[in-house]
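For reference, the structure discussed in these notes is given below.
There are 2 protein chains.
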Amino acid sequence: MDGSSTAGDWTMADDVAVVFTPSGRRGRVARGTTVLAAARMLGVDLDSVCGGRGICSKCQVAPMEGEFAKLGLTVAADALSPWNAVEERYRAKRGLAAGRRLGCQAQLIGDCLLDVPPESQLHRQVIRKAADARPVAMDAATRALYVEVAEPDMHAPSGDFERLAAALARDWGVAGPMAGPAVLAGLQGALRAGNWAVTVAVHDDGRGGPPEITGVWPGFREGGLWGVAIDVGSTTIAAHLVSLADGSVAASAGLMNPQIRFGEDLMSRVSYAMLHPGGAAEMTRAVREALNRLVGEVAAAAGVERAALVEVTLVGNPVMHHLLLGIDPVELGHAPFALAVGGALHLAAAGLGLDALAPAARAYVLPCIAGHVGADAAAVALATAPDQSGELMLVVDVGTNAEILLGSRDRLLACSSPTGPAFEGAQISAGQRAAPGAIERVRIDPVTKEPRIRVIGCELWSDEPGFAEATAATGVTGICGSGIIEAVAEMRMAGILDASGLVGPAVATGTARCRPEGRTHAYLLHDGTPPILVTQGDVRAIQLAKSALYAGARLLMDALGVERVDRIVLAGAFGAHISPLHAMVLGMIPDAALDAVTSAGNAAGTGARMALVSRAARRQVEALVGRIEKVETAIAPRFQEHFVAANAIPHAADPFPHLAAEVSLPAPAFNAGEAGGRRRRRG
Amino acid sequence: MDGSSTAGDWTMADDVAVVFTPSGRRGRVARGTTVLAAARMLGVDLDSVCGGRGICSKCQVAPMEGEFAKLGLTVAADALSPWNAVEERYRAKRGLAAGRRLGCQAQLIGDCLLDVPPESQLHRQVIRKAADARPVAMDAATRALYVEVAEPDMHAPSGDFERLAAALARDWGVAGPMAGPAVLAGLQGALRAGNWAVTVAVHDDGRGGPPEITGVWPGFREGGLWGVAIDVGSTTIAAHLVSLADGSVAASAGLMNPQIRFGEDLMSRVSYAMLHPGGAAEMTRAVREALNRLVGEVAAAAGVERAALVEVTLVGNPVMHHLLLGIDPVELGHAPFALAVGGALHLAAAGLGLDALAPAARAYVLPCIAGHVGADAAAVALATAPDQSGELMLVVDVGTNAEILLGSRDRLLACSSPTGPAFEGAQISAGQRAAPGAIERVRIDPVTKEPRIRVIGCELWSDEPGFAEATAATGVTGICGSGIIEAVAEMRMAGILDASGLVGPAVATGTARCRPEGRTHAYLLHDGTPPILVTQGDVRAIQLAKSALYAGARLLMDALGVERVDRIVLAGAFGAHISPLHAMVLGMIPDAALDAVTSAGNAAGTGARMALVSRAARRQVEALVGRIEKVETAIAPRFQEHFVAANAIPHAADPFPHLAAEVSLPAPAFNAGEAGGRRRRRG
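Quick mapping for you: the protein sequence lines, in order, are chains L and X.
Per the numbering used here, the very first residue in the first sequence carries number 1; after that it's consecutive.
Per the numbering used here, the very first residue in the second sequence carries number 1; after that it's consecutive.
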């Protein structure tokens with residue numbers, strides 16, 4: 001029975017009409033055809049892992065009944081064959097929602113209208129949480145396939161693997177698969193334990209090579225296959241455990257990059273590699289161990305066995321990228337900043353020492369953009385899609401280095417700017433990483449100059465009742481990145497800080513919270529144990545960081561010949577917590593309407609997740625990286641110029657009409673000389 | 001300048017005629033074209049590793065001068081451009097034979113006749129030593145390619161690997177290569193050390209996947225690339241270090257399979273795996289260690305660095321094959337004798353724990369034929385090519401198991417027969433492996449019944465002057481496989497043994513060398529310290545082994561419906577030393593004309609070498625294995641019948657007219673009962 005035999009005669013008594021929603025695909029098929037077979041004939045996206053054996057329930061459909069005038073269809077109550085024993089067994093054992101049928105069991109008896117619910121679509125769209133997310137259609141490189149394999153026959157000898165390959169070709173069209181020693185070693189046991197039925201993980205990266213079997217389990221495997229998306233940052237490493245069946249995130253975890261002990265920022269790690277023989281290898285070992293620990297953590301949290309972790313995607317800046325791969329990053333430390341390899345890499349995860357994953361797991365390393373703009377930036381570009389935007393978008397991924405993208409569907413530019421770790425709370429006197437007890441939000445009353453704070457782990461503001469009790473356990477321990485940004489911006493708005501970044505004395509600012517601190521002043525943000533102060537040094541550190549960030553963005557705007565941008569997207573775990581207003585007061589970003597500044601959350605991690613569940617996304621990011629025009633801040637003469645001009649708070653380089661409409665900034669001058677100097681430059 | 005622009009006008013003044021020998025390819029090319037460019041235009045097989053830069057000298061040609069009437073060609077003395085500085089530098093530094101030119105330097109000035117010597121042909125034929133060898137055209141999966149890579153440019157950033165890939169595509173047509181972490185880690189150093197010129201090893205197995213870079217060296221690499229062909233036998237492992245440029249063998253070595261401590265024969269190793277948890281893994285470790293040792297040995301012998309060992313091919317019987325791959329061989333121990341995997345395997349050598357090779361080296365495991373007929377038999381079939389024979393060929397690979405092939409270009413059958421290790425000197429009272437001091441040749445005077453022997457390591461027979469001195473260092477320590485076969489056959493021809501295999505007493509045989517030994521008799525082969533005897537038990541062990549071998553051959557003849565074969569090829573290191581006459585007297589093989597019995601040497605090793613240097617040979621053996629009809633001796637009822645009938649010496653199962661014409665065998669009967677019993681069966 002096939003579609004072509006019925007196509008010629010639309011009035012054949014043995015044909016029935018069938019319409020699938022939401023695809024709208026329709027046709028006539030022979031009476032008695034199963035729903036799954038009809039879907040395949042008509043090219044309807046209906047999932048199946050067990051190949052139509054009533055085991056996996058992935059092919060569920062919801063039949064509809066009644067008169068559908070627009071479709072010219074009348075569907076009787078008995079349009080499908082009666083509920084059968086396989087469906088009943090499945091319902092009793094695992095549950096089947098009312099109104100659902102198994103597509104491999106139900107046969108078309110009369111004209112039918114069938115809805116394929118999202119969870120039954122193989123290429124269903126995965127909707128991310130963030131508002132500006134773009135949906136990704138599931139298209140993972142690794143699929144779970146259930147097959148029944150012929151038993152060995154002494155009279156026609158062939159290997160178990162060869163019979164498995166034949167079954168995969170027959171049932172799933174998998175041509176000429178290969179398997180490595182790890183999988184081959186487990187094959188015979190699985191086939192016999194499963195009574196000649198197995199579920200296999202088949203990886204096909206779509207590059208034309210043979211598909212690879214990366215896992216094998218007896219019988220029908222419940223629990224699906226999993227991948228891990230990892231963002232290797234200079235300071236923190238984040239991992240997400242993602243279902244390769246539906247793209248859902250089952251667990252996430254992060255930890256400090258243990259390479260920090262070799263150097264806080266990228267250049268100090270490159271120096272460590274240069275100055276210590278074997279130093280690069282030491283850092284490679286450290287990061288790989290951390291990755292294995294992290295993978296073990298997310299897998300344990302979600303109760304997923306190691307063998308089911310069949311894929312990993314990796315992003316990171318160029319130095320992290322090279323160290324992870326086991327490449328000495330020394331060339332990244334000096335001009336011309338040559339990457340050893342920039343393109344996307346398809347590797348065996350075991351080759352990267354990732355032994356917390358399945359032994360045959362595959363790794364996909366996203367491409368780097370340039371020697372200073374890494375795979376993390378590529379992932380951000382993939383997730384935020386400026387290349388598909390009609391508006392001019394500025395995307396800023398704030399971390400130890402800021403990755404900056406500027407462009408639209410016409411052109412896209414990228415650079416990296418060495419902000420240093422101040423935005424992550426480092427180099428700040430009371431700085432700490434984002435953890436319970438850290439001050440993350442700050443408001444300062446412009447009249448009383450009294451602060452209100454919020455700390456991570458507590459929903460209350462410090463002036464609300466119960467704050468002291470709620471924070472008793474953690475205490476108020478320091479300031480994290482978003483906290484210091486808000487503190488400095490609020491100090492500027494309250495007149496505690498002037499445009500040059502000078503902290504005023506109590507006499508000038510009118511608050512005793514401004515205390516002498518050596519030859520300068522500091523603002524007492526929280527009078528606890530310990531007292532938490534924002535010092536003049538802290539403000540200077542933030543000024544350096546934000547100037548670098550702004551100068552990078554400005555350099556790209558120069559290159560594109562524009563004076564303003566339509567939208568600004570703040571990415572990075574930290575970007576998610578920055579208030580757009582405060583960022584703009586600080587002068588981190590160019591002036592824009594406040595509602596045009598949004599957060600994309602951890603966009604690098606999102607990009608890694610997209611590449612994990614979608615081969616199309618991999619092709620996209622690879623093409624995208626080729627299109628991006630790279631701007632090297634280290635050799636651009638105007639970078640220094642922009643950097644200096646951006647030192648003021650807010651930056652003095654460009655007008656900021658949007659910001660001016662939102663807040664009126666006082667213009668104190670605690671030190672006429674310094675502030676005046678800035679003003680002259682501005683004029 | 002390209003071929004097509006000159007093709008239309010054969011009289012253009014700027015064209016010259018060129019003829020290449022031995023290919024006979026000819027055409028006209030623009031005057032001034034280099035010989036190498038002309039060869040490429042005309043599809044002439046002229047090698048080049050450096051891509052025409054006067055570095056590698058692979059493109060040498062021998063110009064000829066004079067009147068060549070048959071070719072319609074007159075070649076002047078100045079037909080080629082004058083000897084140039086590059087050629088002079090090459091000659092001075094490395095030597096260039098008189099009459100040779102570098103094809104990349106010499107330009108065609110007048111009509112030319114150019115001979116491409118064999119060593120300048122990329123796909124030159126490799127002629128093996130054995131008489132029945134078939135030549136193999138060089139077509140290794142891995143090639144050394146020299147490229148000059150663009151330097152990094154900060155203004156158009158790209159990875160060093162991407163620029164290498166671009167150079168490979170431009171100069172060599174290598175499309176979309178990949179590289180793993182091991183190669184990427186060494187890339188930047190090599191490019192800089194080589195001043196942006198490198199030699200890379202590029203592996204392309206021709207299966208459609210991306211080519212892989214498996215090695216990188218600064219500048220032009222002297223010394224070529226190497227592969228190792230390994231035959232993993234139950235008792236011995238043999239390795240050959242083979243040049244991937246010309247197929248030559250630079251070193252060979254062998255060692256005992258360390259798995260012997262887990263069991264002498266295959267079934268005892270399978271039992272060990274069944275009875276000891278972790279036993280299979282233990283044997284896998286043992287064989288991999290041995291392989292690494294062996295690879296290290298051949299590499300050291302030839303002075304080849306580890307990084308240049310970029311390929312390995314592996315053959316072995318199914319149990320050795322599985323243990324090497326890390327697969328528990330337990331399923332091979334009982335019906336239906338299912339292989340975990342039978343097809344050819346393309347693997348990373350590192351995945352097999354072969355760390356004596358280059359880190360990115362590739363491994364090719366030849367396909368197995370069936371559960372009892374392994375990749376060693378497939379390699380024998382590849383090397384001896386019965387599938388291309390017009391005559392009916394019987395190929396016997398004698399080892400602990402005998403692999404037997406029978407057929408011609410019409411049909412090809414295979415089986416394995418459990419001969420046991422007697423043919424390798426085991427289970428023989430004075431048996432030992434083939435090593436200096438072992439008796440390898442035996443002659444017994446039919447009149448005096450006095451023996452003459454030869455031992456390994458000495459060219460003299462024992463009755464020649466100087467034998468005692470020549471063997472003083474080693475002594476005469478035992479009998480190896482070929483020695484015991486000759487001894488038993490000679491004893492039969494001298495009337496010391498009757499047709500049933502009974503050793504006669506001194507009174508019946510007329511020699512005091514026949515001594516009582518328990519309830520039977522033994523023949524004193526060598527009266528030394530220790531005395532070396534051929535006991536009744538030894539004869540029985542050989543009878544069992546040879547019966548199994550003969551029964552296997554006979555089973556295949558039954559299956560093919562033939563009563564005789566046209567040619568017999570004895571393979572195996574041991575097969576090389578068996579005298580055809582003695583093998584036939586013993587009844588190991590069917591009757592045939594003596595000159596139709598030849599040795600193919602270590603054909604399994606030869607097959608492994610062929611697969612190492614030729615992708616075509618890989619395709620051939622893969623196709624061949626699919627064509628072979630497998631006969632399972634363990635379940636064939638007639639095998640036992642043939643086995644019993646083959647017990648007599650010579651076998652009593654079939655007439656042996658050729659043997660009868662060569663020797664007349666006495667028919668003593670030392671024990672009427674036993675011998676008579678045999679005779680009755682024979683009638």
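Think of the CB as a built atom: it goes at the ideal place given N, C-alpha and C, for glycine as much as any other residue.
Min CB distance residue i to chain X below 7 Å
i              : result
K129 (chain L) : Below a pLDDT of 50, predicted positions are generally treated as unreliable, and K129 (chain L), at 42, falls in that range; the measurement from the model is reported next regardless. No, because no Cβ of chain X sits closer than 7 Å to the Cβ of K129 (chain L).
I327 (chain L) : yes
F639 (chain L) : no
E632 (chain L) : yes
P157 (chain L) : yes
G51 (chain L)  : no
E331 (chain L) : yes
V270 (chain L) : no
A301 (chain L) : no
A370 (chain L) : yes
CB contact below 7 Å: residue i versus chain L
i              : result
L187 (chain X) : yes
V341 (chain X) : yes
F161 (chain X) : yes
L184 (chain X) : yes
G686 (chain X) : Residue coverage of chain X in this structure runs from 1 to 683, which leaves residue 686 (chain X) outside it and unanswerable.
Test item: CB-CB of residue i and residue j under 7 Å
i              : j              : result
A611 (chain L) : T313 (chain L) : yes
P329 (chain L) : A344 (chain L) : no
C112 (chain X) : G52 (chain X)  : no
V534 (chain X) : L544 (chain X) : no
P318 (chain L) : A290 (chain L) : no
L241 (chain L) : V228 (chain L) : yes
I692 (chain L) : I589 (chain L) : As displayed, chain L neither begins before 1 nor continues past 683, which places residue 692 (chain L) out of reach and without an answer.
L324 (chain L) : V287 (chain L) : yes
Cut-off 7 Å between Cβ atoms - residues of its own chain near residue i, not counting five sequence neighbours on either side
i              : result
G43 (chain L)  : R25
G431 (chain X) : G425, G478, I479 and I484
V373 (chain L) : E403, A414, C415, S416 and K630
D14 (chain L)  : A30 and R31
Q556 (chain L) : One detail in the question is off: residue 556 (chain L) reads as Leu in this sequence, not Gln. Here the set comprises I404, L406, L413, C415 and V631.
Same chain only: Cβ atoms within 6 Å of residue i, ignoring 5 sequence neighbours per side
i              : result
A197 (chain L) : E148 and G219
G333 (chain X) : V270
Neighbour list for residue i in chain L, Cβ cutoff strictly below 8 Å
i              : result
D153 (chain X) : P336
L347 (chain X) : G180 and P181
Closer than 9 Å at the beta carbon, the chain L residues around residue i
i              : result
G209 (chain X) : R207, G208, G209 and P210
Where residue i meets chain L, residues with beta-carbon distance less than 7 Å
i              : result
G351 (chain X) : G180 and P181
A381 (chain X) : Under the 7 Å cutoff, chain L gives no residues; its nearest Cβ is about 15 Å from A381 (chain X).
The ligand GTP heavy atom lying under 6 Å from the CB of residue i
i             : result
G24 (chain X) : Looking at this structure, you won't find the ligand GTP or any other ligand, since it has none at all.
Closer than 9 Å at the beta carbon, the chain X residues around residue i
i              : result
I635 (chain L) : M154 and H155
Query raised in the report: Quick one: complete alpha helix (DSSP H) runs, 4+ long, within the stretch 80–165 of chain L?
Result: DSSP runs (the alpha helix (DSSP H)) wholly in the stretch 80–165 of chain L: 85–94.
Requested in this report: Please list the segments of the alpha helix (DSSP H) lying wholly inside the stretch 370–433 of chain X, counting only runs of 4 or more residues, in order along the chain.
Outcome: Complete alpha helix (DSSP H) runs here, min 4: 375–384.
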